[in-house]
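Asker: For reference, the structure I am asking about is given below.
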Amino acid sequence: MERPVGNDSHPLTVFFTLSLIQIMDVDEKNQVLTSNMWLQMSWYDHYLQWNQSDHPGVKNLRFTTDQVWTPDILLYNSADDDFDSTFKTNILVNSSGFAKYLPPGIFMSTCNVDVRWFPFDIQKCELKFGSWTYDGWLLDLQMTDADISGYMPNGEWDLIGVPGTRNEVFYDCCKEPYPDVTFVITIRRRTLYYALNLLIPCVLLSSMTLLIFVLPADSGEKISLGITVLLSLTVFMLLVAEIMPATSDSVPLIGQYFASIMIIVGMSVIATVVVLQYHHHDPNGGHMPKWVRLVLLQWVAWFLRMKRPGENDDPERPPCAPHLRRCSSGSQSGSIPNPPDPTLHPLHPQNLTPLQTGPLHAGHPHLQTSANNNGNLLYMGFPSIEDSSVLSEPVQRNNISVGPPRVAGSPPPHLPSQFCSSPPPPTPNMDTVGCPSTVSSGGGFGGGPGGCSTSVMGDPQLQAILEEVRYMADRFREQDETESMADQWKFAGAVIDRLCLVAFSVFNIICTISILMSAPNFVEAVSKDFV
């Protein structure tokens, strides 16, 4: 049809606007905006005018789109298969020739979705309308403000505004201008849904990462917990990947946060492997390097306010020496059991001459100290029976026959009569050791009145006992040294655990605050969606 103008050289002015009814969907992956809108087009038709006096009662007429001329205004960035998705309604014309055309439709338009600040993002989707065949010299397209009075709120998006602009484009092929009207639908994402389903679970998973360093190393579940958290974060990353478009223009904010948390979890798994290697280190594999002992066991432990197990804080009670840790009365792993029945050990240290105890004490000073202070030999297993008046029944122990009970002070039946219970005298002259000659009074093996006429060093049974005692003392000493080295490695692992707990806690908090709060509208989103 011909343009309804009185002079073909004059352009036809068409006023265009739209009424936004509802935002139905924003497909970020396909970058498509689906909206329900009413288009409003009005112009003056030169051929549809009449005098109301000639036609009384006829104020308005309605025509179909096939009966009168209509502007061919289309959505340039349409993503619909039919391209023109408007419903053809009637055109309302009054007596002055003013025609008004309001076609409704569900429009699918392309939208360049910027997911950089997802889920705290603001999207701006353009709707470009213009004539498909008429240039600016034939059809002058003018814009009026968009109407949002009938807008229905959306549960996912908040409408900020629909500003519009009129543009004129000049192409290389033609000198005529081609006007268009572009409306920009500005919407802000409501973050409550994504916070409950993505952000909060991610924060909880990142907090569970810290439990890796709290879990004891002997539980055997530290690595399993770290791998489980890592796999859980991977599942959430897949959910985000399904929502976001496959573009490399920008990385979503939540993707950055998930990636940082996954890095934290991965580093925590590596740190856990190091901790377990320290905790289960073989003591026979070598001593701890000096720099490791200095850095971990002294500097870092002091900074973290950590102390080794068994370290005494009471200045009035000195701790046990490392080689005498069994002096503690409390039972623990690796400690000597309670002293056996005194009847099984009728031999007392005070009943042995310096010839017997001297070689043992000379090689083990700590045993000499234990015997002097406690009245017994702790590692030898001799109980203290200082007040007993009657000794035990005869027993057979290590093929050594112990005679019948005797009164305190009398020598044992299997020992020479020179053995007595008087206090031990000073160490005798070593020239007499092993000599069968008689030792003077006070230098014998008991210091008894009768002295000692035979050297005890020639007694094979006592020599066997002393060899067994030396062997037991060496074994206990080696065991103590092994346990001490193992405890050092375990304490070093505990220090690394505590250090990683503090470091990863600080790093987790910094990442959460810095990444999430970097969004421009973070405060606005929190104030509107959570408060």
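Under the UniProt record's numbering, the letters of the sequence shown match residues 1 to 531, in that order.
All residues carry an ideal CB built from backbone N, CA and C; glycine is no exception.
(1) Note down the Cα distance separating residue 296 from residue 492, rounded to an integer number of angstroms.
(2) Is the stretch 51–64 touching the stretch 171–188, taking contact as three or more C-beta pairs under 8 Å?
(3) Which class does residue 161 belong to by DSSP, given the choice of helix, strand or coil?
(4) Between the Cα of residue 79 and the Cα atoms of 127, 90, 88 and 95, which residue gives the shortest distance?
(5) Out of curiosity, what's the CA-to-CA distance linking residue 268 and residue 300?
(6) Do residue 516 and residue 120 have their CB atoms nearer than 9 Å?
(7) Could you tell me if residue 379 is buried or exposed, where buried requires 16 or more neighbouring beta carbons within 10 angstroms of its beta carbon?
(8) Would you tell me roughly how many angstroms separate the C-alpha atoms of residue 213 and residue 238, rounded to the nearest one?
(9) Between the C-alpha atoms of residue 514 and residue 207, what's the straight-line distance to the nearest angstrom?
(10) With DSSP run on the structure shown, which of helix, strand or coil describes residue 67?
(11) Leaving aside the five residues before and after residue 112 along the sequence, list all residues of the same chain whose C-beta is less than 7 Å from its C-beta, in chain order.
(12) Using 8 Å as the threshold, is the stretch 130–138 in touch with the stretch 176–190, meaning 3 or more CB pairs across them?
(13) Which same chain residues end up closer than 7 Å to residue 334 when comparing Cβ atoms and leaving out the 5 residues on each side of it in sequence?
(14) If I measure Cβ to Cβ from residue 116 and keep anything under 6 Å in the same chain, skipping five residues before and after, which residues do I get?
(15) Among the residues of its own chain, which have a CB less than 8 Å from the CB of residue 247, if the five just before and after it don't count?
(16) When the Cα atoms are used, what is the spatial distance from residue 290 to residue 463?
(17) I'd like to confirm the pairing. Which residues does DSSP put opposite residue 125 in its beta bridges?
(18) Using DSSP with H/G/I as helix, E/B as strand and the rest coil, what is residue 295?
(19) Contact defined as beta carbons within less than 8 Å: I believe residue 11 pairs with residue 140. What is the distance between those atoms, to the nearest angstrom?
(20) What is the C-beta distance between residue 129 and residue 73, in whole angstroms, given that I count them as a contact (C-beta under 8 Å)?
(21) So, is the C-beta of residue 269 closer than 9 Å to a C-beta in chain C?
(22) Could you check the C-alpha separation between residue 232 and residue 18 for me, to the nearest Å?
(23) How would you write the range of the beta strand (DSSP E) that residue 561 sits in, first residue to last?
(24) Please state whether DSSP places residue 84 in a helix, a strand or coil.
(25) Which residue from 15, 222 and 184 puts its Cα closest to that of residue 165?
(26) Please name the residue in 273, 224, 22 and 481 whose C-alpha comes closest to that of residue 150.
(27) Work out the CA separation of residue 163 and residue 542 for me, nearest whole Å.
(28) Give me, in chain order, the residues of the same chain whose beta-carbon lies closer than 7 Å to that of residue 90; leave out the 5 immediate sequence neighbours on both sides.
Answerer: Result, derived from the coordinates:
(1) In the sequence shown, counting from the first residue as 1, residue 296 sits at position 296. In the sequence shown, counting from the first residue as 1, residue 492 sits at position 492. Cα to Cα, residue 296 sits roughly 6 Å from residue 492.
(2) no
(3) Walking along the sequence shown from the start, residue 161 turns up at place 161. The answer is strand: DSSP assigns residue 161 an E or B state.
(4) Within the sequence shown, the letter at position 79 stands for residue 79. Nearest of 127, 90, 88 and 95 to residue 79, Cα basis: 127.
(5) Locating residue 268 in the sequence shown gives position 268, counting from the first residue. Locating residue 300 in the sequence shown gives position 300, counting from the first residue. Approximately 18 Å, taken between the alpha carbons.
(6) Counting from one through the sequence shown, the residue named residue 516 turns up at place 516. Counting from one through the sequence shown, the residue named residue 120 turns up at place 120. Yes, the pair counts as a contact, with Cβ atoms nearer than the cut-off.
(7) Walking along the sequence shown from the start, residue 379 turns up at place 379. Note on residue 379: pLDDT 35, under 50, position unreliable in the model; the coordinate value appears next. So residue 379 counts as buried.
(8) As a first step, residue 213 must be located in the sequence shown, where it is residue number 213. As a first step, residue 238 must be located in the sequence shown, where it is residue number 238. Each residue's Cα considered, the two are about 27 Å apart.
(9) Here residue 514 corresponds to residue number 514 of the sequence shown, with the count starting at 1. Here residue 207 corresponds to residue number 207 of the sequence shown, with the count starting at 1. In a straight line, the C-alpha of residue 514 is about 17 Å away from that of residue 207.
(10) Looking up residue 67 in the sequence shown gives position 67. Coil.
(11) Here residue 112 corresponds to residue number 112 of the sequence shown, with the count starting at 1. Result list for residue 112: 31, in chain order.
(12) yes
(13) One-based indexing of the sequence shown puts residue 334 at position 334. Reliability fails at residue 334, whose pLDDT of 40 lies under 50, so the model's placement of it is uncertain and the value that follows must be treated cautiously. Cβ within range, chain order: 479 and 483.
(14) Along the sequence shown, read from residue 1 onward, the residue named residue 116 stands at position 116. The residues are 250.
(15) Taking the sequence shown and counting its residues from 1, one reaches residue 247 at position 247. Only 115 meet the Cβ criterion.
(16) As a working note, residue 290 is residue 290 in the sequence shown. As a working note, residue 463 is residue 463 in the sequence shown. Roughly 42 Å separates the two Cα atoms.
(17) What you label residue 125 is simply residue 125 of the sequence shown in a count that begins at 1. Answer is 185, bridged to residue 125.
(18) On the sequence shown, residue 295 is found 295 positions in, with the first residue counted as 1. Helix at residue 295.
(19) Residue 11 sits at position 11 when you count from the first residue of the sequence shown. Residue 140 sits at position 140 when you count from the first residue of the sequence shown. Yes, residue 11 and residue 140 are in contact; Cβ-Cβ is about 4 Å, under 8 Å.
(20) Numbered from its first residue, the sequence shown carries residue 129 at position 129. Numbered from its first residue, the sequence shown carries residue 73 at position 73. Right, their Cβ atoms sit about 6 Å apart.
(21) Checking the listed chains, one finds no chain C in this structure; it contains a single protein chain.
(22) One-based indexing of the sequence shown puts residue 232 at position 232. One-based indexing of the sequence shown puts residue 18 at position 18. When rounded, the distance between both Cα atoms is 46 Å.
(23) Given that the chain is displayed from residue 1 to residue 531, the structure contains no residue 561 and the question cannot be resolved.
(24) Reading the sequence shown from its first residue, position 84 is the one you call residue 84. Coil at residue 84, not helix or strand.
(25) What you label residue 165 is simply residue 165 of the sequence shown in a count that begins at 1. Answer by Cα proximity: 184.
(26) What you label residue 150 is simply residue 150 of the sequence shown in a count that begins at 1. With distances taken between Cα atoms, residue 150 lies closest to 22.
(27) Here the chain covers residues 1 to 531 and nothing more, so residue 542 does not appear.
(28) Position 90 of the sequence shown, counting from 1, holds the residue named residue 90. Only 62, 63 and 64 meet the Cβ criterion.
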